[in-house]
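K.L.:
Numbered by the numbering used here, the letters in the sequence shown go through residues 40 to 460 in order. I have a structure here, written as structure tokens, and I will follow up with some questions on it.
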Amino acid sequence: MPPRPSPPAQLFPHRLPRPLLLPVTALKHLREQVFLAGDEGWTGEERTDIGGDASVSPTPTYIGCRGWPRHRVRCIAGDADTTDPSSGTSTSLRDWSSPSSENTSDGETEADVETRGLAFFAEMATQAASPSKEGRYSYEEYKETADWLLANTEHRPMVAIVCGSGLGNLADLLKEQVAFKYEDIPNFPKSTVPGHAGRLVFGNLNGKPCVCMQGRFHMYEGYPLWKVTFPIRVFHLIGVQTVIVTNAAGGLNEDYRVGHIMVIKDHINFPGFAGQNPLMGPNEDRFGPRFPPMSDAYDRDLRKLALSASRDLGFAAELHEGVYCGLGGPSFETIAECRFLNRLGADAVGMSTVHEVVVARHCGLRVLGISLITNQAVMDYNSEARANHEEVLKAGRESEKMMEKLLTTLLPRIETNNNVN
């Protein structure tokens, strides 16, 4: 690549007060190109394939980025402009630096205009490097959402319930409900899957203060995992101690039938094998350690409580303990994949749950996982059966009553110390 010319010195006589720390992962995530220029000419280069943070020294005079979602910024040889596609307007930093009647206020000197132009551009560069653009929520954004929820309801839940496909009516069991649409909650993603209502419902279930997610978020919706798991950290900040994750799953175990319930004793995080883990990136120590163990991901005492409750309800024969395998979706599994997962030790397969559990355990929350078997995985090449989402929703609705009875019996037995009654 030929060397780039130095920017005109008269346009940038001032230096930023301190080195600007660039989260380059943001620029990689948005496929942006970054150019750094200093008094001695170009001190940086096009950066599209590096991650982590880069502290640029000497202090850059200006930073230009291409590929913003809403703005396009070019900075080549000191000629920087921003264009807003929605309005078609363009503002040139060169224009900001020209002391014309259009760009100056009364009493402003040329240096004042130049300073204002540089501040304008630096602010836009800072916005591009903000945590949200980087592909991460900041701790302050989690806190903002938690504080908003606490300010808008008097409920202080101890238990959070994440409802899987076809199981959203579990939230209707809560008494003294206060419900919020996801779209009304600051920073909250939006659920796009049929069978997921997209509401956060606070209330009491058999005397236990709860919050219930009517709809979760998935990789296959196009959400990154830090957004898929956003609610879990918010639950931690509002005081939740236990998370119950439910899902609709395909049965891999030959003993499982549609309508059976599986208490999850362990999981296989298949996206994690490919480097898709919600804890990737800089660790937030205020939530948990850099390397959290997952050998105890599903709380043993909570599993015992669930098995005990099923015996009391008389459907112990329909309840199993098993291993859940989480895949990315949205396509259902091939016959070869189902056979492979079964031989790996998976008893049920789905497209959710594992990422939420990883983040919950990172926060120190106890987890109970429950899968409703809504279809049997096809593992016979001579079979005419085909999995489909409508079948999953129908089976979920038909078996919902058994899940409701299990949760209403189980919840009052969950104590802070998690003792088994």
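Each residue gets a CB set at the ideal place from its N, CA and C atoms; glycine is no exception.
#1: What is the DSSP secondary structure of residue 308, counted as helix, strand or coil?
#2: List in chain order: all unbroken alpha helix (DSSP H) runs of 4+ residues lying wholly within the stretch 344 to 385.
#3: State the beta-bridge partners of residue 433 as determined by DSSP.
#4: Which complete beta strand (DSSP E) runs does the stretch 215 to 265 hold, if anything under 3 residues is left out?
#5: Quick check: the Cα distance between residue 358 and residue 400, rounded to an integer number of angstroms?
#6: So for residue 398, helix, strand or coil by DSSP?
#7: Anyone know if the C-beta pair for residue 203 and residue 268 falls short of 8 Å?
#8: Of all the options 181, 424, 443, which has the alpha carbon lying nearest to the alpha carbon of residue 212?
#9: Which residues mark the beginning and the end of the beta strand (DSSP E) in which residue 414 is found?
#10: Three-state secondary structure (DSSP) at residue 418?
#11: By DSSP, does residue 320 sit in helix, in strand, or in coil?
#12: What residue range does the beta strand (DSSP E) around residue 285 cover?
#13: Grab me the residues of residue 254's own chain with a C-beta within less than 6 Å of its C-beta, minus the 5 sequence neighbours each way, in chain order.
#14: Could you tell me if residue 383 is buried or exposed, where buried requires 16 or more neighbouring beta carbons within 10 angstroms of its beta carbon?
#15: Run the CB neighbour count on residue 335, radius 10 Å, all protein chains shown included, and call it buried at 16 or more, exposed below.
#16: Measuring CB to CB, does residue 390 end up less than 8 Å from residue 259?
#17: Three or more C-beta pairs under 8 Å: does that hold for the stretch 340 to 353 against the stretch 293 to 304?
#18: Nearest to residue 455 by CA position, among 281, 326, 199, 277, is which residue?
#19: Buried or exposed: where does residue 191 fall if 16 or more other Cβ atoms within 10 Å of its Cβ makes it buried?
#20: Taking contact to mean at least 3 C-beta pairs separated by less than 8 Å, is the stretch 206 to 224 in contact with the stretch 243 to 254?
#21: What does a CB cutoff of less than 7 Å around residue 276 pick up in its chain, not counting 5 residues either side in sequence?
#22: Count the other CB atoms within 10 Å of the CB of residue 371; is the residue buried (16 or more) or exposed (fewer)?
#23: Inspect the CB distances between the stretch 428 to 441 and the stretch 308 to 324 and report whether three or more fall short of 8 Å.
#24: Of the choices 430, 411, 453, whose alpha-carbon is the least far from that of residue 298?
#25: May I have the straight-line CA-CA distance separating residue 319 from residue 363, to the nearest angstrom?
#26: Since residue 327 and residue 408 are thought to touch, with beta carbons under 8 Å apart, how far apart are those beta carbons, to the nearest angstrom?
#27: So the candidates are 350, 198, 361; which of them puts its Cα closest to the Cα of residue 388?
#28: Do you know offhand how far residue 208's Cα is from residue 221's?
#29: Can you tell me which of the three DSSP states residue 190 falls into?
#30: Give me the Cα-Cα distance between residue 428 and residue 306, rounded to the nearest whole angstrom.
#31: Which residues does DSSP pair with residue 271 in a beta bridge?
#32: Buried or exposed: where does residue 195 fall if 16 or more other Cβ atoms within 10 Å of its Cβ makes it buried?
#33: In this structure, what does DSSP give as the bridge partners for residue 387?
#34: Suppose you measure from the CA of residue 293 to the CA of residue 252; what does that come to, to the nearest Å?
#35: Can you look up residue 424 in the DSSP assignment and give me helix, strand or coil?
#36: Which same chain residues, not among the five before or five after residue 461, have their C-beta less than 8 Å away from its C-beta?
P.N.:
Put simply:
#1: strand
#2: 374 to 383
#3: DSSP, once it has assigned bridges, lists no residue as partnering residue 433.
#4: 238 to 244, 247 to 253
#5: 24 Å
#6: helix
#7: no
#8: 443
#9: 405 to 415
#10: coil
#11: coil
#12: 281 to 290
#13: 230, 235, 236, 237
#14: exposed
#15: exposed
#16: yes
#17: yes
#18: 281
#19: exposed
#20: yes
#21: 181, 182, 185
#22: buried
#23: no
#24: 411
#25: 22 Å
#26: Residue 327 to residue 408, Cβ: 19 Å. No contact.
#27: 361
#28: 17 Å
#29: helix
#30: 22 Å
#31: DSSP output for residue 271 lists no bridge partner at all.
#32: exposed
#33: 290, 363
#34: 31 Å
#35: coil
#36: Given a span of 40 to 460 for the chain in the structure shown, any question on residue 461 remains unanswerable.
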